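Protein chains in written order, with the numbering used here: chain W, 52 to 880; chain X, 968 to 1088.
The beta carbon of each residue, even a glycine, is placed where N, CA and C say it ideally should be.
Quick caveat, the model's predicted, so the values are computed rather than measured.
Shown next, in structure tokens, is the structure this report addresses.
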Amino acid sequence: MSKTINFGIDLGTTNSLIAKFNKGTVEVYKNPVGFKETLPSVVAFRNDRILVGERGRAYLEKDPKSTVGQFKRKMGTTESFKIKSLDQSKTPIELSALVLKELKTFIHTGEIPEAVVITIPASFDMVQSNATKEAGLQAGFKQVVLLQEPIAASLAYANKTTGNELNNSQWIVYDLGGGTFDVALVRISEGELKVIDHEGDNFLGGADFDALIVERIVVPAIAKKGQFADLLDQLKSRSGRLNSKWYALLAAAEEAKMELSTKSSTEIDVELEDDDGETISMLLNVTRSDFEAVIKDAVDATAEMLRTILTRNSLQPSDLKFVLMVGGSTYIPLVRTRINELLGIPVNTDIDPTNAIVIGSAYYAGNKPLELEPMKSNAESPSHGLLKLKVSYNKASQEVEEMFSVKVDGDVNGLAYRILREDGGYDSGLKQLTSRISEDLPLLPDAYNSFTLKILDQHNDPIAVESIQIAQGKYSVAGQMLPEDLSLVKDDLQDGDTKLVQVFARNTILPAKKKATVDVSKTLVHGTDDEIRIMVVEGSSSNHFSSNKFVGVLLVSAKNLKRDLLKGTEIDLTFEVSESRDVTIHAYVNPSGPEFSDVFSPKDRRVDVKSLAEEIGMLEEKIEQELAEAVNNENYEVANVLEKLSVPVQELQGEAVLLTLDDVTDHKYKLEDRKRKIAQELHQATSTKRIDGLRSEYIEARDEVSELVKESGNDIEKRQLQEIINHEHVFLTTSSTQRLADHVSKLRSLQFQILTRSPDFLIGWFKNLTAKRETFNDQIQAKNLIEAGKQHIDGEDFDRLLEVNRRLFSLLPEQEQESKDMRHFTGIS
Amino acid sequence: MDVKQISASEQLKPLLSALCQLYELDRKVQKLGELESLARHVEKMKAAFEELGYRIEDPHGQSFNETRVDLEASIAGSSTEDLVVTEVIKPIIRLVVRDSKGEYTKIIQRGVVVVESRNNN
């Protein structure tokens, strides 16, 4: 089978698009910058850069001497555009070639097409058609096939719908785009598709409708609200006081117009100052009928052109199969209804009006054989041999811009370059390559900035690519990065211990700020001595907090509360670390209102004597537990280490109780250091045990849940399980107990979720709960619930049984465990 | 996940719309100063979206030139030199991506703005 062209381009007056036919389907490519399918057909020449598309369009009105749009209208004429910034002229062919080259950058697969189908208006004559072809050749295509736009739209329709007998029929293609209007009569006769007649208006489109909304609806409404001598002039005049508002209003009008295609009314938010300096702020309601009233004349004018075609071809509306709607403005309901109403021809809206032409061109290209015979072109194709690039730039920077320069060895004649930042925020535009180039690259703050330098041949095809990496705010000054994790200590109610939640990871660039919300895990009675501790520690967040270095604790004291702070209340926390590593903790207690904040700096290290004594107590308890367990398991090596630790911890305990709460000596710091070292040793001695335990727990949970999901899981649950399993190679090899525990917890939640759909489980759970009936907090409610539960079991109403179980569960008292103090060490969870 | 796909996704439109509304809300709350309690909710919403990886960037007051592709700009006034963003119709929205290359951001919505020359003022 011979190869086909496959690529199609809609080279429009206002916008252009590119698409590819591939195995029966068409993909319309998107601009890698901004991800839109459309590329405005505008070229700007600014500061030795060539800007094609939207950036060019931004300068169209304000720098018209160096920016060109609508050049398609001049195709095939001897007219050329004088470009002030270049001090030379550009022909419509050259400008179109630039648009075509830019469209090639949309092809994300890296494929370089050699042939293309380009669409042209039905009105294009031979010279204009040949000029379009030449533009294609200049853009590097070796084969260019032209296709009339109405035919392309008709092909898009024919390929989208099946079972539509179009043979020996005729229809109208009605194309109302952003700035131009075209209408064509298309006929299919003996399998041949032909444009019979056409009409058009080069200055009518959606942009005119936006302006009508502003001028006829928005401006009169604003004028009524304030003092304005000449509001419209102030808005529209480039030297007008309100010129910036004109563009803001046009954008709002465009949005409103789109909304009115599906809704009967919308609102436009207006805010500006009147001549007296008063702020006019209003939410203007715009209905679809308001909008229709202002565009009706323009729409009627298009119908008139259509009627002209009918008259000229001696046709009756009934002779036409339909009016095929193309162009973004045909989304407007009035356009569709009015054409149908005025002409009595059925309106066909089966195809996507914004990309129908390019889709049709790609279908055509998918059937057009590739014939790559050498074709004549004015474009030269010099051979550039091997280029050598020597790049120089700072890989780390504190500046907002960094100078990047390249020395090029080799033939640079006819070559261009372009630099893009990978986040999609910077594009140097196309620039001519010389033996030395330099560019100021704008950098994103506190980030690794990746750029790509491409050296392009005269067809915009890359011949060399270089990647550039610049770290902004990253290295350079010593002490800019956080040396250890900073973590928040929280109560781990399940295990009766504390856990660390990482706030800032090691190597975070300073200054840094982060927010977190925690729950109060015990009720604080106002006016008492009770308190909550927002404690920040420094060190590995995968370790136990006692082995971390204490940074600071912010105490939320019940004395400062106006009312009780109930368990479960949220506290909003903000953590900030300055460049000099001062840690600020800010707590906002909702709904009681008070705010607490404190700054902890390394040079002013604080150790809270009360916390220290408690921590040492907890540490001692922990060592004893671990020692007993190790002896029990005959793990004498670990037991030996732990035994050695119990002596110094007891000494510490003795010394800590002797400290006064307001001790001013440095003794508490020394004790804190010693405590930390003991905790680190404890952590090290027992880490293998904890990790091993959690790994087995994970594997057991995974096997159980896998079995359950296989039997009774739905698609979502299957995906959730698969996601956990897919990542297990990462967390099973980690030294973080927290991550392992989190995954076990995820598996158990999934298991519970599935089990709650199982009647056997629900009945078992219910029986288990009823066995604890004496312990329920509210006996009357519990009795009623148990009765209801029994009835639900008899009636096999398991949804309601689940509800009963949940409510019974909530009546159970909190599990009071031995280490109550430890569970509420911080008071947050 | 492919950022191009994410950005092109129709499903993302409601999310982007919510983020734009949040930006508007933030702007209005800031302007009305006294609504401090409201500002906290806005801040929390922003923080929640940040947790999800969506970052709203307000380009107001930033310089603009032809190399910026994170903004769709309309130029007001007569000069095209020394431009600064004076009106923000839509903010820039970035998605924080974490993968083997590390953490970086991608623009998933370009800002829609009006820019003016500083010389106009």
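| Residue from W:Ile396, W:Lys81 and W:Glu145 whose Cα sits closest to the Cα of Tyr225 (chain W) | Start at 1 with the first residue of the first sequence, and residue 225 (chain W) comes out as number 174. Nearest C-alpha to Tyr225 (chain W): W:Ile396.
| message | Please return the same chain residues whose Cβ sits closer than 7 Å to the Cβ of Leu863 (chain W), not counting the five positions on each side in sequence. | response | On the first sequence, residue 863 (chain W) is found 812 positions in, with the first residue counted as 1. Hits under 7 Å: Lys823, Thr826 and Phe827.
| request: Specify, as a first and last residue, the run of the alpha helix (DSSP H) that Asp743 (chain W) falls within. | output: By one-based count along the first sequence, residue 743 (chain W) stands at place 692. Element bounds for Asp743 (chain W): His718 to Ser763.
| said: For a minimum of 4 consecutive residues, which ranges assigned as the alpha helix (DSSP H) are wholly contained in the segment 769-815 of chain W? | reply: You should have 779-782 and 788-806.
| Contact between the segment 470-477 of chain W and the segment 1069-1078 of chain X (3+ Cβ pairs under 8 Å) | Touching, per the Cβ criterion.
| Span of the beta strand (DSSP E), counted from its first residue to its last, around Tyr639 (chain W) | Counting from one through the first sequence, the residue named residue 639 (chain W) turns up at place 588. Segment Val634 to Val640, the beta strand (DSSP E) holding Tyr639 (chain W).
| query | Just to confirm, does His734 (chain W) get its C-beta within under 8 Å of one of the non-hydrogen atoms of the ligand GTP? | reply | Although the ligand GTP was asked about, the structure shown includes no ligands whatsoever.
| request: Determine the direct distance from the alpha carbon of Ser809 (chain W) to that of Ile837 (chain W), and round the result to whole angstroms. | output: The residue given as residue 837 (chain W) occupies position 786 in the first sequence. The residue given as residue 809 (chain W) occupies position 758 in the first sequence. Those two C-alpha atoms are separated by around 19 Å.
| Alpha-carbon spacing of Val1081 (chain X) relative to Val756 (chain W), whole angstroms | In the second sequence, the residue the question calls residue 1081 (chain X) occupies position 114. In the first sequence, the residue the question calls residue 756 (chain W) occupies position 705. Between Val1081 (chain X) and Val756 (chain W), the C-alpha separation is close to 55 Å.
| Classification of Thr485 (chain W) by the beta-carbon crowding that lies within 10 angstroms, buried from 16 upward | Residue mapping note: residue 485 (chain W) aligns to position 434 of the first sequence, counting from 1. In the assembly as shown, Thr485 (chain W) is an exposed residue. Its beta-carbon has fewer than 16 other beta-carbons within 10 Å.
| task | Can you tell me the Cβ-Cβ gap for Thr503 (chain W) and Ser518 (chain W), rounded? I've got them flagged as a contact below 8 Å. | result | As a position in the first sequence, residue 503 (chain W) is number 452, starting the count at 1. As a position in the first sequence, residue 518 (chain W) is number 467, starting the count at 1. Between Ser518 (chain W) and Thr503 (chain W) the Cβ distance is about 6 Å, and since that is below 8 Å, they are a contact.
| task | Using beta-carbon positions only, say whether Ser147 (chain W) and Phe122 (chain W) come within less than 9 Å of one another. | result | Counting from one through the first sequence, the residue named residue 147 (chain W) turns up at place 96. Counting from one through the first sequence, the residue named residue 122 (chain W) turns up at place 71. Closer than 9 Å, so yes.
| query | Within the 9 Å Cβ cut-off, does Gly120 (chain W) reach chain X? | reply | Counting from 1 along the first sequence, the entry for residue 120 (chain W) is found at position 69. With respect to chain X, the C-beta atom of Gly120 (chain W) has no partner C-beta closer than 9 Å.
| Where Pro493 (chain W) falls: helix, strand or coil (DSSP) | Start at 1 with the first residue of the first sequence, and residue 493 (chain W) comes out as number 442. Three-state result, Pro493 (chain W): strand.
| Ala430 (chain W) classed as buried or exposed, judged by whether at least 16 other C-beta atoms fall within 10 angstroms | Here residue 430 (chain W) refers to the residue found at position 379 of the first sequence. A caution first: Ala430 (chain W) carries a pLDDT of 41, below 50, which makes its placement in the model unreliable, though a value can still be read off. Counting C-beta atoms within 10 angstroms of its own C-beta, Ala430 (chain W) has fewer than 16 neighbours from the protein chains shown and is therefore classed as exposed.
| said: For Asn98 (chain W), would you say it is in contact with chain X, using Cβ-to-Cβ distances shorter than 9 Å as the test? | reply: In the first sequence, residue 98 (chain W) corresponds to position 47, counting from 1. For Asn98 (chain W), the nearest CB of chain X lies under 9 Å from its own CB, placing it at the interface with that chain.
| said: Which of the three DSSP states is assigned to Gln972 (chain X) in this structure? | reply: Along the second sequence, one-based indexing puts residue 972 (chain X) at 5. Residue confidence is low: Gln972 (chain X) scores 47 on pLDDT, short of 50, so the model does not pin down where it sits. Its coordinate-derived value is still stated next. In the structure shown, Gln972 (chain X) falls within a helical segment according to DSSP collapsed to helix, strand and coil.
| query | Does DSSP put Met356 (chain W) in a helix, in a strand, or in coil? | reply | Mapped onto the first sequence, residue 356 (chain W) falls at position 305. Helix.
| message | Once DSSP output is grouped into helix, strand and coil, what is the label at His1008 (chain X)? | response | Taking the second sequence and counting its residues from 1, the one referred to as residue 1008 (chain X) is at position 41. Correct three-state label for His1008 (chain X): helix.
| Within 9 Å, strictly: CB atoms of Gly840 (chain W) and Asn856 (chain W) | Locating residue 840 (chain W) in the first sequence gives position 789, counting from the first residue. Locating residue 856 (chain W) in the first sequence gives position 805, counting from the first residue. For Gly840 (chain W) and Asn856 (chain W), yes; Cβs fall inside 9 Å.
| For Gly668 (chain W), which of W:Glu723, W:His637 and W:Gly619 has the nearest alpha-carbon? | Here the question's residue 668 (chain W) lines up with position 617 in the first sequence. Among W:Glu723, W:His637 and W:Gly619, the Cα nearest to that of Gly668 (chain W) is on W:Glu723.
| message | Strictly under 9 Å for the Cβ-Cβ distance: is Lys566 (chain W) near chain X by that measure? | response | What you label residue 566 (chain W) is simply residue 515 of the first sequence in a count that begins at 1. With its beta carbon less than 9 Å from one in chain X, Lys566 (chain W) belongs to the interface.
| the segment 611-623 of chain W touching the segment 575-588 of chain W, judged by at least three CB pairs closer than 8 Å | In short, these stretches touch, since the Cβ pair count reaches three.
| query | Which class does Tyr80 (chain W) belong to by DSSP, given the choice of helix, strand or coil? | reply | As a position in the first sequence, residue 80 (chain W) is number 29, starting the count at 1. Coil, per DSSP.
| request: Scan the segment 391-417 of chain W for residues whose Cβ lies nearer than 7 Å to a Cβ of chain X and list them as they occur along the chain. | output: Within the segment 391-417 of chain W, no residue has a Cβ that lies closer than 7 Å to any Cβ of chain X.
| Taking Phe342 (chain W) as the reference, which of W:Asp401, W:Asn399, W:Asp793 and W:Asp261 has the closest Cα? | Counted from its first residue, the first sequence places residue 342 (chain W) at position 291. Per the Cα distances, W:Asp261.
| Does Phe86 (chain W) come within less than 9 Å of chain X when only Cβ atoms are used? | Position 35 of the first sequence, counted from the start, is the residue given in the question as residue 86 (chain W). True, the Cβ-Cβ gap to chain X drops below 9 Å.
| message | Counting C-beta neighbours from all protein chains within 10 Å, is the total for Tyr687 (chain W) 16 or more, i.e. buried, or is it exposed? | response | Within the first sequence, the letter at position 636 stands for residue 687 (chain W). Flag for Tyr687 (chain W) reads exposed.
| Could one say the Cβ of Leu102 (chain W) lies closer than 9 Å to chain X's Cβ atoms, at least one of them? | As a position in the first sequence, residue 102 (chain W) is number 51, starting the count at 1. It does: the Cβ of Leu102 (chain W) has a partner Cβ on chain X nearer than 9 Å.
| request: Return no unless some Cβ of chain W is closer than 9 Å to the Cβ of Ala1009 (chain X). | output: The count along the second sequence starts at 1 and reaches residue 1009 (chain X) at position 42. According to the sequence provided, residue 1009 (chain X) is Val. The question's Ala does not apply to it. Val1009 (chain X) does not count as touching chain W.
| message | Less than 9 Å between the C-beta atoms of Phe373 (chain W) and Ile223 (chain W), yes or no? | response | By 1-based counting over the first sequence, the position of residue 373 (chain W) is 322. By 1-based counting over the first sequence, the position of residue 223 (chain W) is 172. For Phe373 (chain W) and Ile223 (chain W), yes; Cβs fall inside 9 Å.
| request: With 7 Å as the limit, tell me which residues of the segment 1036-1047 of chain X have their beta carbon closer than that to any beta carbon of chain W; keep them in chain order. | output: The residues in question are Val1036, Asp1037, Glu1039, Ala1040, Ser1041, Ile1042, Ala1043, Gly1044, Ser1045 and Thr1047.
| To which residues of the same chain is Asp1025 (chain X) closer than 6 Å at the C-beta, ignoring the five residues directly before and after it? | As a first step, residue 1025 (chain X) must be located in the second sequence, where it is residue number 58. Exclusion of the five residues before and after Asp1025 (chain X) leaves Pro1058 as the residues of its chain whose Cβ lies within less than 6 Å of its Cβ.
| request: Give the range of the beta strand (DSSP E) segment to which Thr338 (chain W) is assigned. | output: Within the first sequence, the letter at position 287 stands for residue 338 (chain W). Following the DSSP letters along the chain, one finds Thr338 (chain W) inside the beta strand (DSSP E) bounded by residues Thr330 to Thr338.
| message | Any beta carbon of chain W sitting closer than 9 Å to that of Tyr990 (chain X)? | response | Translated into positions along the second sequence, residue 990 (chain X) becomes position 23. Contact of Tyr990 (chain X) with chain W is not assigned, every C-beta pair being separated by 9 Å or more.
| message | Going by the DSSP bridge assignment, what does Trp5 (chain W) pair with across the sheet? | response | The structure shown does not extend to residue 5 (chain W), since chain W spans only 52 to 880, so no value can be given for it.
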